[in-house]
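First comes the structure, then the notes that go with it.
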Ligand SMILES: [Zn+2]
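Numbering (my numbering), first residue to last: 6 to 182.
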């Protein structure tokens, strides 16, 4: 019971953000995701060895990190740079497209490299959403919502799990942490 109600709360958080009305599902007529597109393929054991348990749960099991978690706190304070896939290193998002949606998860209004980002319809939990995946390794990143009224150039919210991303500062090689 407790698990179920937590899940429901988490899901609501991922769906509705600024209004009481659920956002309209994104219809971008993207071709359905097929694993054949991925160029990075690893066995389940290899992914488990490479990723932290939380990264594995999100990237390989389509899990959702809790809102306002450690990764999100770090995200809020990161400067200019790129966000690459935590699984395979493909460039996915740019700090230039970050915005604060007050949702508790990293939000972008556009992918930096659209060819590395795939979407597909997700009907889990009886709700139709658009799942966002890394095109190179097939890792689950989050969901994208459209038409929520955010004052951004696209009015899209790529709601991404922080643990699925790795931040690469612009000045990497100089003062990289
Ligand atoms: Zn990837």
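Note that CB positions come from ideal geometry on N, CA and C, so glycine has one too. On a predicted model such as this, the values are computed, not experimentally measured, just so you know.
Between the CA atoms of residue j and residue i - distance to the nearest angstrom
i	j	result
residue 96	residue 118	6 Å
residue 80	residue 175	14 Å
residue 128	residue 108	21 Å
residue 154	residue 49	39 Å
residue 170	residue 51	18 Å
residue 123	residue 58	23 Å
Distance CB(residue i)-CB(residue j) smaller than 8 Å
i	j	result
residue 167	residue 76	yes
residue 149	residue 162	yes
residue 125	residue 45	no
residue 72	residue 98	no
residue 139	residue 93	yes
residue 104	residue 69	no
Presumed contact (8 Å Cβ cut-off) between residue i and residue j, rounded CB distance
i	j	result
residue 90	residue 147	With 8 Å as the limit, residue 90 and residue 147 do not qualify as a contact, their Cβ atoms being about 12 Å apart.
Contact between the stretch 102-113 and the stretch 51-68 (3+ Cβ pairs under 8 Å): no
Entirely enclosed beta strand (DSSP E) segments - the stretch 113-156, minimum 3 residues: 122-127, 134-139, 145-151
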